[in-house]
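Mind the numbering: the sequence shown is residues -4 to 353 in this note's numbering, read in order.
All C-beta atoms, glycine included, are put in the ideal place defined by N, C-alpha and C.
Computed from a predicted model, the values in this text were never measured in an experiment.
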Amino acid sequence: MKTLLSKIVLSNDQWQELERRERSRTLPQKVVLRAKIILMASKGKSNSVIARTLNLSRPTVIHWRSSFIEKGLDGLKDIPKPGRPPVLSEDTIKDIVSSTMVKPNNATHWSTRMMAKEKSVSHMTVQRIWKKVHLQPHRTKAFKYSNDPKLIPKTIDIIGLYLDPPDNALVLSVDEKSQIQALDHTQPLLPLRPGQVERHTHDYLRHGTTCLFAALEIANGKVIAECQSRHRHQEFLKFLKLIDKQTPPDKDLHLIIDNYSTHKHQKVKNWLKHHQRFYFHFTPTGSSWLNQIEIWFGILTNRRIRRGTFKSVKELINAIEQYIEANNKNPKPFIWTKTANEILRKLPNCKDTSVTRH
């Protein structure tokens, strides 16, 4: 009994691992419960209290508590049970795994049935092997690594604006969402109802496009925006004048913007010479993820455009303007937390750091 009631003292590594298991939403429930038992025991809770709190039997709590005292984290693993010996040899399993990572001659990737036929096993066997080694040949992810020679200074500059903006200045994330289509389905929608999702026809009618120019104020989440028919330097200059008009004249304006040729047109440069409170900060090429307006564009698309039905460009523009008006009544800024050093450490590893979110 003394062993069962002994106080459990956790090392820092053990504490972090148990907390990870306790918070996990993917681990089996039994693993989560065992972590909770040990964490509660380390806080001095008795076996009876732990059992009542977690709705377990007291012998169960005693078992895992004793096992942890004896073997540490290894004591929380299930004891291997005897069973039928594996049918496949380790060499066969390794062969299936290595073959999966080489593309077949007549397809872009392996399916379970293709591999099963190739190796003369069942497709369920292939599925179990893939699941065990975390192979998912049916899935892909996109990435893009910026080759901008000024990648590091540009990244540091922009993240500095997010984390430590200049005094007496506004930081604006600016971009255009071009070719937004006014789409109208060929038949009326069938509405949502219990047991049935909203349905629409797969075909649609095109009624034209619009281009949305937008500037997200980093500090408060408000958006200055305007829809225009085209996407040229003339329209961009018009939008810069709108920003100039709708922002306090005594504040400098730092615009985070991408490298689209429109933004670097000579007439734009000439205009900037006469409006010296404007400062452009260009994102690295292929790194639109650094521009927070891209996040906002993604939200706008998901909530108002993608499933919308618009019989004209005017209807589309009205819908966008209504969304912006609602956004500005209760704006919520995006909180940037990563430092430049944390991000730059990941870039050489070609992580998914340059994927546009819309």
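C-alpha gap between Leu28 and Lys327, whole angstroms: Residue numbering aside, residue 28 sits at position 33 when the sequence shown is read from its first letter. Residue numbering aside, residue 327 sits at position 332 when the sequence shown is read from its first letter. Each residue's Cα considered, the two are about 37 Å apart.
Residue from Asp69, Ile151 and Lys139 with nearest C-alpha to Val26: Reading the sequence shown from its first residue, position 31 is the one you call residue 26. The shortest Cα separation from Val26 among Asp69, Ile151 and Lys139 belongs to Asp69.
Inter-residue spacing [alpha-carbon to alpha-carbon] between Ile294 and Asn322: Here residue 294 corresponds to residue number 299 of the sequence shown, with the count starting at 1. Here residue 322 corresponds to residue number 327 of the sequence shown, with the count starting at 1. Distance between the alpha carbons of Ile294 and Asn322 is about 11 Å.
Inter-stretch contact (C-beta, 8 Å, three-pair minimum) for the segment 307 to 317 and the segment 201 to 220: yes
C-alpha gap between Tyr274 and Ala36, whole angstroms: Sequence index remark: in the sequence shown, residue 274 carries index 279 (1-based). Sequence index remark: in the sequence shown, residue 36 carries index 41 (1-based). Their Cα atoms are separated by approximately 58 Å.
Buried or exposed (CB count within 10 angstroms, at least 16 for buried), Thr348: Within the sequence shown, residue 348 is the residue found at index 353, counting from 1. Only weak support exists for where Thr348 lies, its pLDDT of 42 falling under 50; the coordinates are left without a value.
For Ser168: DSSP bridge partner residues: For the purposes of this step, residue 168 is taken as residue 173 along the sequence shown, with counting starting at 1. Leu211 and Ile251, per the DSSP bridge assignment.
8 Å contact criterion, which Cys206 and Ile315 should meet: CB distance rounded: Walking along the sequence shown from the start, residue 206 turns up at place 211. Walking along the sequence shown from the start, residue 315 turns up at place 320. Not really, about 11 Å apart at Cβ, beyond 8 Å.
Cβ neighbour criterion (16 or more within 10 Å) applied to Thr107: Position 112 of the sequence shown holds residue 107. Buried, because 16 or more other Cβ atoms sit within 10 Å of the Cβ of Thr107.
Nearest to Lys2 (by Cα), restricted to the options Ala46, Glu12 and Ser61: Counting from 1 along the sequence shown, the entry for residue 2 is found at position 7. Comparing Cα-Cα distances from Lys2 to each of Ala46, Glu12 and Ser61, the minimum goes to Ser61.
Neighbourhood of Ala335 by C-beta distance below 6 Å, restricted to the same chain and skipping five residues each side: Working through the sequence shown from its first residue, we reach residue 335 at position 340. Closer than 6 Å at Cβ, skipping near neighbours: Thr150, Ile151 and Ile154.
Helix, strand or coil at Arg60 [DSSP, three-state]: Reading the sequence shown from its first residue, position 65 is the one you call residue 60. Correct three-state label for Arg60: helix.
At least 3 beta-carbon pairs within less than 8 Å: the segment 282 to 298 vs the segment 176 to 191: no
Buried versus exposed, by CB contacts within 10 Å (16 or more), Val82: Residue mapping note: residue 82 aligns to position 87 of the sequence shown, counting from 1. Counting Cβ neighbours within 10 Å, Val82 comes out exposed, since fewer than 16 surround it.
Beta-carbon proximity check, Glu171 vs His226, cutoff 7 Å: Numbered from its first residue, the sequence shown carries residue 171 at position 176. Numbered from its first residue, the sequence shown carries residue 226 at position 231. Yes.
Cβ-Cβ distance between Ile158 and Leu250 below 7 Å: Translated into the one-based positions of the sequence shown, residue 158 becomes position 163. Translated into the one-based positions of the sequence shown, residue 250 becomes position 255. Residue identity check: residue 158 is Leu in the sequence provided, not Ile. The beta carbons of Leu158 and Leu250 sit no closer together than 7 Å.
Expected contact under 8 Å - CB spacing of Val121 and Ala111 to nearest Å: Numbered from its first residue, the sequence shown carries residue 121 at position 126. Numbered from its first residue, the sequence shown carries residue 111 at position 116. Cβ atoms of Val121 and Ala111 come within 8 Å of each other, at about 5 Å.
Three-way DSSP call (helix, strand, coil) for Asp73 in this model: Taking the first residue of the sequence shown as position 1, residue 73 is located at position 78. Asp73 falls in the coil class under three-state DSSP.
N- and C-terminal bounds of the beta strand (DSSP E) containing Ala220: In the sequence shown, counting from the first residue as 1, residue 220 sits at position 225. Note, Ala220: beta strand (DSSP E), Val218 to Gln223.
Where Phe292 sits in the DSSP three-state scheme: Counted from its first residue, the sequence shown places residue 292 at position 297. Reduced to three states, the DSSP call for Phe292 is helix.
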